[in-house]
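Q: Right, I'll just put the structure down here and ask away after.
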Amino acid sequence: MSRSDRVRPPSAWTLRTKLVASVLLLFLAVTALTGTLTGLTTRQYLIQQVDEDLLAASQRFVATIDGTQGLAPRGRGGGPPAGSGNAVLHLVVINGKVAVDEQGQEFNYAVNTDGDNDRLDGSEIAELNAAGLSQRPQTVDLGDGIGSYRLVSVHTADGGTAITGVPVGPIETTVTAIVLIVVGSSLVGLVGVWAGGTYLVRRNLQPLERVAGTAQRVSELDLDSGDVPVAERIPDVDPRTEVGQVGLALNSLLDNVDGALRARHESETSVRQFVADASHELRTPLASIRGYAELSKREPDPIPESVAHALSRVESEALRMQSLVEDLLVLARLDTGRPLERTRVDLTLLAIDVTSDARAAAPDHRWQLDLSPEPIEVTGDRDRLHQVMANLLANARVHTPPGTRVVTSLRREGETVRLSVTDHGPGIPQALLPTVFERFTRGDGSRQRAGGSTGLGLSIVAAVTRAHHGRVGVTSRPGETTFTVTLPVG
17 MSRSDRVRPP SAWTLRTKLV ASVLLLFLAV TALTGTLTGL TTRQYLIQQV
67 DEDLLAASQR FVATIDGTQG LAPRGRGGGP PAGSGNAVLH LVVINGKVAV
117 DEQGQEFNYA VNTDGDNDRL DGSEIAELNA AGLSQRPQTV DLGDGIGSYR
167 LVSVHTADGG TAITGVPVGP IETTVTAIVL IVVGSSLVGL VGVWAGGTYL
217 VRRNLQPLER VAGTAQRVSE LDLDSGDVPV AERIPDVDPR TEVGQVGLAL
267 NSLLDNVDGA LRARHESETS VRQFVADASH ELRTPLASIR GYAELSKREP
317 DPIPESVAHA LSRVESEALR MQSLVEDLLV LARLDTGRPL ERTRVDLTLL
367 AIDVTSDARA AAPDHRWQLD LSPEPIEVTG DRDRLHQVMA NLLANARVHT
417 PPGTRVVTSL RREGETVRLS VTDHGPGIPQ ALLPTVFERF TRGDGSRQRA
467 GGSTGLGLSI VAAVTRAHHG RVGVTSRPGE TTFTVTLPVG
């Protein structure tokens with residue numbers, strides 16, 4: 017399995033997954049936006065505070081320089097000059113050079129990144145001179161040794177330039193700490209939102225899961241025939257919610273389906289009972305018609321040729337109607353679920369007998385057997401299984417031209433037996449294949465119909481096979497048609 021098969025696209029996610037993912041994405045977006053705004057606002061506020069302190073310290077420092085001639089910065093490690101306030105960088109430049117006091121000490125003081133007092137070297141002083149400093153604070157990076165400072169530049173009374181600065185390192189440290197706190201709290205919140213969101217989404221989707229479960233159970237019911245009560249309903253339906261409204265609609269649909277199935281079953285039962293009763297009642301008059309026709313033909317007095325022909329036709333049609341009635345009666349009995357006989361049936365011997373009968377009925381066809389060396393037996397109704405084979409061979413005889421080869425094959429496959437009847441005739445039209453086992457289905461002119469077919473033979477094959485818990489199927493193409501019956505051994 018490739019990775020693309022394991023990872024489903026968002027469109028294939030379940031509703032629960034989509035809702036939880038949407039909540040997590042929304043939470044991440046809100047926290048990211050809040051964290052970003054918090055960091056930026058805090059940094060801007062701290063810089064503003066630093067700038068206010070820086071301007072105040074610069075004014076005090078310049079006032080001290082202008083008013084005191086003997087001011088001298090402390091030495092290394094001695095701290096900032098007097099009047100510097102919170103500022104930690106001071107530099108006085110006159111004519112491009114660092115100013116000195118009367119004792120010869122330079123106005124040059126800074127705190128390095130380690131927090132120690134230090135002095136600016138030449139490159140750092142040159143960088144400050146080139147930065148274009150003014151009374152408006154700006155940030156200048158003086159390198160790894162000193163770091164970044166917010167700086168202002170003010171002119172002194174003696175024509176010099178006094179530069180005052182405050183490091184921005186603490187600001188960045190504070191902002192970084194805030195960002196880390198936001199990220200950490202966001203991760204903790206993300207886990208909490210995921211756990212809580214999953215629980216809440218699952219709990220709120222339970223009514224929808226009940227709807228889906230009910231629909232699934234109904235879809236698994238066998239609704240095609242018989243008395244199928246649809247008792248499944250969605251419990252605890254709240255019409256005030258959207259899911260409750262869907263549940264009510266589905267319950268109403270199931271009520272309608274249940275009513276329709278009951279009406280259909282009652283109608284089918286009535287029709288089947290009518291067919292069974294009519295078939296049973298027609299057997300006697302049809303037998304009488306045949307008997308009178310045969311009796312009339314045996315009259316010793318001469319019978320006109322037209323009358324004899326009419327009597328022959330009456331007898332032939334009565335025989336055909338009797339066959340139709342017998343088929344309808346068999347189907348009606350199978351539809352009502354009348355139990356079949358359960359005895360051991362030798363299908364091998366049955367196939368030999370039925371093929372012999374077919375050979376006698378249609379000697380112009382080539383009837384062949386493909387049987388296993390050992391006998392094959394199943395448990396079932398011998399008469400009905402005989403009818404299955406006879407109908408399949410009769411179907412091949414009626415719908416194929418003389419000279420067609422018909423092969424009856426019988427094989428045992430594990431716990432099932434496979435019976436197939438293959439003819440090499442013109443084949444069944446593709447449009448007819450889906451309904452070939454339905455009642456009163458007849459082929460068109462492409463499968464020559466010699467007469468006598470009631471259109472019930474294959475439907476009897478299907479009904480008897482189902483009654484034996486088996487399966488029946490057909491495949492057909494020009495030159496080969498195969499009917500396959502699969503029966504359980506036991």
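Under this note's numbering, read the sequence shown as residues 17 to 506, first letter to last. All C-beta atoms, glycine included, are put in the ideal place defined by N, C-alpha and C.
Just to confirm my understanding: we take Val-505, look at its own chain, exclude 5 residues before and 5 after, and list those with CB closer than 8 Å. What are they?
A: As a working mapping, residue 505 is identified with position 489 in the sequence shown. The residues are Glu-393, Val-394, Thr-395, Arg-428, Glu-431, Thr-432, Val-433.
Q: Write down the C-beta distance between Met-405 and Ala-367 rounded to the nearest angstrom, noting that I regard them as a contact closer than 8 Å.
A: Reading the sequence shown from its first residue, position 389 is the one you call residue 405. Reading the sequence shown from its first residue, position 351 is the one you call residue 367. Indeed they touch by this definition, with Cβ atoms about 6 Å apart.
Q: Would you identify the three-state DSSP class for Pro-183, choosing helix, strand or coil?
A: Within the sequence shown, numbered from 1, the residue matching residue 183 stands at position 167. DSSP places Pro-183 in strand when its eight states are reduced to three.
Q: For Trp-383, does the three-state DSSP call read helix, strand or coil?
A: In the sequence shown, residue 383 corresponds to position 367, counting from 1. DSSP places Trp-383 in strand when its eight states are reduced to three.
Q: Where Ile-275 and Val-244 are concerned, what is the direct C-alpha to C-alpha distance, given to the nearest angstrom?
A: As a position in the sequence shown, residue 275 is number 259, starting the count at 1. As a position in the sequence shown, residue 244 is number 228, starting the count at 1. Inspection of the sequence shows that residue 275 is occupied by Gly rather than by Ile. Roughly 10 Å between the two C-alpha positions.
Q: Could you compute how far the alpha carbon of Val-246 sits from the alpha carbon of Thr-498?
A: Reading the sequence shown from its first residue, position 230 is the one you call residue 246. Reading the sequence shown from its first residue, position 482 is the one you call residue 498. If I take the Cα positions, the gap works out to 38 Å.
Q: DSSP three-state call for Phe-77: helix, strand or coil?
A: If you number the sequence shown from 1, residue 77 lands on position 61. Phe-77: helix per DSSP, three-state reduction.
Q: Whole angstroms are fine: how far does the CA of Phe-123 sit from the CA of Gly-55?
A: Stepping through the sequence shown from its first residue, residue 55 is reached at position 39. Stepping through the sequence shown from its first residue, residue 123 is reached at position 107. Distance between the alpha carbons of Gly-55 and Phe-123 is about 36 Å.
Q: Would you kindly work out how many angstroms separate the C-alpha atoms of Arg-233 and Glu-248, rounded to a whole number?
A: Counting from one through the sequence shown, the residue named residue 233 turns up at place 217. Counting from one through the sequence shown, the residue named residue 248 turns up at place 232. Those two C-alpha atoms are separated by around 8 Å.
Q: Which residues bound the beta strand (DSSP E) around Val-433?
A: To locate residue 433, count along the sequence shown from 1; it is residue 417. Residues 432-439.
Q: Can you give the Cα-Cα distance for Lys-34 and Leu-44, rounded to whole angstroms?
A: Residue numbering aside, residue 34 sits at position 18 when the sequence shown is read from its first letter. Residue numbering aside, residue 44 sits at position 28 when the sequence shown is read from its first letter. If I take the Cα positions, the gap works out to 15 Å.
Q: Determine the closest residue to Arg-59 out of Val-195, Gly-138, Ile-141, with distance taken between C-alpha atoms.
A: What you label residue 59 is simply residue 43 of the sequence shown in a count that begins at 1. When each option's Cα is compared against that of Arg-59, the closest is Val-195.
Q: Could you tell me the alpha carbon to alpha carbon distance between Gly-443 and Leu-435, rounded to whole angstroms?
A: Sequence index remark: in the sequence shown, residue 443 carries index 427 (1-based). Sequence index remark: in the sequence shown, residue 435 carries index 419 (1-based). The straight-line gap from Cα to Cα measures roughly 19 Å.
Q: Quickly, what does DSSP pair Pro-504 with across the bridge? List them, please.
A: For this step, residue 504 is matched to residue 488 along the sequence shown. Its beta-bridge partners are Thr-432.
Q: Note down the Cα distance separating Ala-193 from Arg-166, rounded to an integer number of angstroms.
A: Numbered from 1 along the sequence shown, position 177 holds the residue referred to as residue 193. Numbered from 1 along the sequence shown, position 150 holds the residue referred to as residue 166. Taking the straight line joining both Cα atoms gives about 20 Å.
Q: What does DSSP give as the partner residues of Thr-155 in its beta bridges?
A: Counted from its first residue, the sequence shown places residue 155 at position 139. Arg-166, per the DSSP bridge assignment.
Q: Could you give the residue range of the beta strand (DSSP E) that holds Thr-395?
A: The residue given as residue 395 occupies position 379 in the sequence shown. Start and end: 393-396.
Q: Starting from His-106, trace the beta strand (DSSP E) in both directions and tell me its first and last residue.
A: Taking the first residue of the sequence shown as 1, we reach residue 106 at position 90. Counting along the chain, the beta strand (DSSP E) containing His-106 begins and ends at 105-110.
Q: With distance defined between alpha-carbon atoms, name the residue in Thr-189, Ile-197, Gly-489, Val-198 nearest to Leu-62.
A: Taking the first residue of the sequence shown as position 1, residue 62 is located at position 46. Ranking Thr-189, Ile-197, Gly-489, Val-198 by Cα distance to Leu-62 puts Thr-189 first.
Q: Tell me whether His-281 sits in a helix, a strand or coil according to DSSP, three-state version.
A: For the purposes of this step, residue 281 is taken as residue 265 along the sequence shown, with counting starting at 1. In this structure, His-281 counts as helix in the three-state DSSP scheme.
Q: Taking all protein chains shown into account, do 16 or more other C-beta atoms lie within 10 angstroms of the C-beta of Arg-400, making it buried, or fewer, making it exposed?
A: Here residue 400 refers to the residue found at position 384 of the sequence shown. By the neighbour-count rule (16 or more Cβ atoms within 10 Å), Arg-400 is buried.
Q: When the Cα atoms are used, what is the spatial distance from Val-361 to Asn-267?
A: For the purposes of this step, residue 361 is taken as residue 345 along the sequence shown, with counting starting at 1. For the purposes of this step, residue 267 is taken as residue 251 along the sequence shown, with counting starting at 1. Going from the Cα of Val-361 to the Cα of Asn-267 covers about 48 Å.
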